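Right, one structure below, let's go through it.
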Amino acid sequence: MAFYRAAGILLHPTSLPSHGGIGDLGPEAYAFIDFLANSGLSLWQVLPLSPVGLGNSPYSATSAFAGNPLLISLEGLAEYGWVDSAEVEQVPGGKSRVDFELVNQTKLPLLRKAAQSFLRRPPDEHGEHRRFEAFCASNSSWLEDFVLFSCLREKFNGASWNTWPREIAAREPAALERLRGEYANELQIERALQFAFFDQWKRLHEYCRKRSISIVGDVAIFVNYDSADVWTNRDLFYLDGNLEPTVVSGVPPDAFSDTGQRWGNPLYNWEVLKQRGYDWWIRRMQWSLKVCDFVRLDHFRGFQQYWEIPASEPTAIRGRWVDGPKEDLFIALRNALGDLPFIAEDLGMITPDVHALRQRLGVPGMKVLQFGFGDEGAHIYLPHKYEPGCVAYTGTHDNDTTIGWWKTLPEDQRQIVKAYLGEAKDGVCWALMRTAFASVANFVIVPMQDVLQLDGSARMNTPSAGDGNWGWRFHRNDPCAEIEQKLADLVSVTDRAPKKNKTA
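When you read off a place in the sequence shown, starting at 1, and then add 320, the result is the number in my numbering.
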């Protein structure tokens, strides 16, 4: 499909300065949308919205379909009458970073209490219970397995599903039926939380449309082993008789790591998926495109070839390249869903056949300016090498902030950057932003940290670090009127003004 000329900001909702210790879908999200619109921007890119698993990473989710209940706005629940406003005010908040442990201890119990309060209320004149029942019915294909999975994770103290009693791990029908009866109340609470999340997200998405803002979502190619997806669809993955992965995902050794990266996700059995018409992937992408307007496909190269590592190997060294589904999957997706408003994350060591796949599909790739100032081969990330249709970034959630990157650059590298950008009186962030906005890239997306000119302490994620990621939040007064006007002027002069009522 044709991508129009536009600009926006990368900001995960957890980074909003909301009440309750973590960003959410409440008043601060609406204020951020107003900031985007007042700045002339028309794109909001988020990370995966799913409930987080290991390391609080949105890329290590317990479901590819469910929403993260921690993003539910308590103020919104108070407006619904699910919870008393006085209780909301008692929840700790205001920290400059997300303390996930504290949030789970303080906000999550109140969310569950609010859900239980809703379930006990008699049917209301506004039809909220009818909408809840309709939500459960229309989403039962993923909802029922997810809520049971969530309750069982709680029952077994967060232990991985393959360690549960065999009849539960293997999903024996009699055992599941018994558990659904035993945990009927808890399952309803989990259903109500999912209803609250997607009801609030739907309202927020509708507000985005009113303000001519499109949402760019994010789909990780692989799913977490300890997830409802793998527990429910064991035949779609390479698992052994003990229900453990035989092979896992990663990337081979390169200039950044002598041992490569062993991500550990179970790998898809693409032959089985093909025989089933890629039904699970069609449902996944159909849901993603209902929730967002565009979707960034993380690790796009894995659809062409992926690095298969024996599960017994502690590193990624002894792996091999295996063919992925290639365009066969995307033909099935297009036949089922129509236009595919995808963005390919095609960063790193990308082979010509991966670029060829992306081009055949008509899917734009990513250009990250921070990557462009190395040797000549890195110049593909600089605007003079761009072709119309790409999506340009100053940096991504995996990069240091531009200020952090700039501070750690050797002086000879800084001179190269200055030679390309010129000496900017208002700093390197705005120099990179102006360069990206003025390029032929259709979309330009800038991390909020770069708009606010924040240093490396505001970095969202350091891939090699196991702890301390995903917690950054900005302050309520950071995006000021001066920044709004400066962005609006830049949007106007580079012809990136939003198209009214433009849809994906």
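Glycine residues also receive a C-beta, built at the ideal position from the N, C-alpha and C atoms. Values in this document were obtained by computation on a predicted structure and should not be read as measured data.
query                                                                                                                                                                : result
Skipping 5 residues on each side, what residues in its chain have a beta carbon closer than 7 Å to that of I535?                                                     : W364, V366, H525, C528, C612, D613
Contact between the region 619 to 636 and the region 656 to 674 is defined here as three or more beta-carbon pairs at a separation below 8 Å; is this criterion met? : yes
Nearest by alpha-carbon distance to L369: which of L390, V766, R796 is it?                                                                                           : L390
Give the straight-line distance between the Cα atoms of D695 and A739, rounded to the nearest whole angstrom.                                                        : 14 Å
If we count the other Cβ atoms within 10 Å of its Cβ and call it buried at 16 or more, is A435 buried or exposed?                                                    : buried
State the DSSP-derived secondary structure class of V748, mapped to helix, strand or coil.                                                                           : helix
When you compare the CB positions of T714 and V766, do they come within less than 9 Å of one another, or not?                                                        : yes
Can you list, in chain order, the residues of its chain whose CB lies under 7 Å from that of V567, leaving out five sequence neighbours each side?                   : Y558, L587, E628, I629, P630, A631
For V571, collect the residues of the same chain with a Cβ closer than 6 Å to its Cβ; drop the 5 residues on either side in sequence, then sort them by chain order. : G580, Q581, W627
For G692 versus D574, is the C-beta distance shorter than 9 Å?                                                                                                       : no
Use the C-beta contact count for I651: other C-beta atoms within 10 angstroms, 16 or more gives buried, fewer gives exposed.                                         : exposed
So, helix, strand or coil for W484, using DSSP?                                                                                                                      : coil
If we require 4 or more residues per run, which alpha helix (DSSP H) segments fall completely within the region 705 to 748?                                          : 722 to 728, 731 to 741
Determine the extent of the alpha helix (DSSP H) in which P493 is found, giving its start and end residues.                                                          : 493 to 502
Please identify the residue among Y400, A479, F323 whose C-alpha is closest to the C-alpha of L374.                                                                  : A479
Determine, using beta-carbon pairs with one atom in the region 341 to 359 and one in the region 390 to 402, whether at least three such pairs fall under 8 Å.        : yes
Need the endpoints of the beta strand (DSSP E) that Y626 sits in, please.                                                                                            : 625 to 630
Could you tell me the boundaries of the beta strand (DSSP E) in which L875 lies?                                                                                     : There is simply no residue 875 to check, as the chain begins at 321 and stops at 824 in what is shown.
Could you tell me if E510 is buried or exposed, where buried requires 16 or more neighbouring beta carbons within 10 angstroms of its beta carbon?                   : buried
Determine the burial state of T728: buried for a count of at least 16 other Cβ atoms within 10 Å of its Cβ, exposed for fewer.                                       : exposed
Taking the beta carbon of C800 as the centre, do at least 16 other beta carbons fall within 10 Å, making it buried, or is it exposed?                                : exposed
Pick helix, strand or coil for W601, following the three-state DSSP scheme.                                                                                          : helix
Please return the same chain residues whose Cβ sits closer than 8 Å to the Cβ of P443, not counting the five positions on each side in sequence.                     : H449, R450
Can you say whether T483 is buried or exposed, counting buried as having 16 or more other CB atoms within 10 angstroms of its CB?                                    : exposed
How would you label N505, buried or exposed, when you count the other beta carbons within 10 angstroms and need 16 or more for buried?                               : exposed
Give the C-beta separation of L261 and F352 to the nearest angstrom, bearing in mind that I take them to be a contact with Cβ-Cβ under 8 Å.                          : Any answer about residue 261 is impossible in this case: the structure gives the chain only from 321 up to 824.
Let me know the secondary structure DSSP gives Y379 once reduced to three states.                                                                                    : coil
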